[in-house]
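Visitor: This is the structure I have questions about; it appears just below.
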Amino acid sequence: MTETPIHDRVSATPFPEASGRSKGYEKRAVDAFLAQAREAFEADADGALRSSEIRAAAFPLVRGGYAVAAVDAALGRVEDAFAAREREFALSRLGARAWVAETRDTAQVVLDRLGRPRGERFDRVGLLRYGYRVDEVDVVADRVAGYLAAGHPVTPEQVRAVAFRMQRGGYREAQVDAVLDAVVEVMLAVG
């Protein structure tokens, strides 16, 4: 019996498996998505796959799947690469002035939303339903507003990694997620 060469073993399992009883991302789904992303990136076509689609990628959780943190970190790097390409295409298509204006407009819309009073920044779900914890979202909103208004240090990785606990009557998840996605887009647009 011969042993598989190390480079074959590494390429066969690009990510560590989830340990113990914890679940990880379903391997085939991750592998298929990353193959699609690689193909789209190598095709060098504007719009074949967008950074926002990479950010929105979701995979089933299963036992024996890939470790979530490792896959999420890799997806962040892939998203950064696509965002850099999108920035180049936008600059060549729109010109620097129009592109900066478009990015500034998006940032202003987000900043206007985050400038609302604490507890009123997003719609609330009904009292019997669960949404994101208002106090936790407001803390993140304050940090992001500081980044947009005054350049306080916040990285795209920090925004991507945000997770909120749930509470009855909390903020509507879809709205909060959409604003955080827009923040990441602005951050990646300015490089």
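FYI, in my numbering the residues of the sequence shown are 127 to 317. Built from N, CA and C at the ideal position, the CB exists for glycine as well.
(1) Taking 8 Å as the threshold, find out whether the region 224-232 comes into contact with the region 160-178 through three or more Cβ pairs.
(2) In three-state terms, what does DSSP make of R239?
(3) Can you give the beta carbon distance from V310 to R213, rounded, assuming they're within the 8 Å contact cut?
(4) Check whether the Cβ atoms of H158 and V194 lie closer than 8 Å to each other.
(5) Which word fits D261, buried or exposed, when buried means at least 16 other C-beta atoms lie within 10 angstroms of its C-beta?
(6) Should A287 be labelled buried (16 or more other beta-carbon atoms within 10 Å of its own) or exposed?
(7) Suppose the cutoff is 8 Å on Cβ atoms and the five residues either side in sequence are ignored; what does the same chain contact list for V316 look like?
(8) Does the CB of A182 have a neighbour CB from chain B at under 8 Å?
(9) What's the C-alpha gap between G277 and T232?
(10) Would you list the residues sitting across from K149 in a DSSP beta bridge?
(11) If you follow the alpha helix (DSSP H) that Y273 is part of, which residue opens it and which one closes it?
(12) Out of L274, G252, R219, R147, point me to the one whose CA is closest to V235's CA.
(13) Give the secondary structure of R223 by DSSP, where H, G and I count as helix, E and B as strand, and everything else as coil.
(14) Alpha carbon to alpha carbon, how far is V280 from R269?
(15) Which term fits R211, buried or exposed, when burial requires 16 or more other beta carbons within 10 angstroms of its beta carbon?
(16) Assuming R294 is part of the beta strand (DSSP E), what are its boundary residues?
(17) When you compare the CB positions of V263 and V302, do they come within less than 8 Å of one another, or not?
Guide: Let me lay it out:
(1) no
(2) helix
(3) Incorrect: roughly 13 Å between the Cβ atoms, too far for contact.
(4) Correcting the residue type first, residue 158 is Ala in the shown sequence and not His. No, the Cβ-Cβ distance between A158 and V194 is not below 8 Å.
(5) exposed
(6) exposed
(7) T229
(8) The displayed structure is made up of one protein chain only, and chain B is not part of it.
(9) 16 Å
(10) R189
(11) 260-276
(12) L274
(13) helix
(14) 7 Å
(15) buried
(16) 292-294
(17) yes
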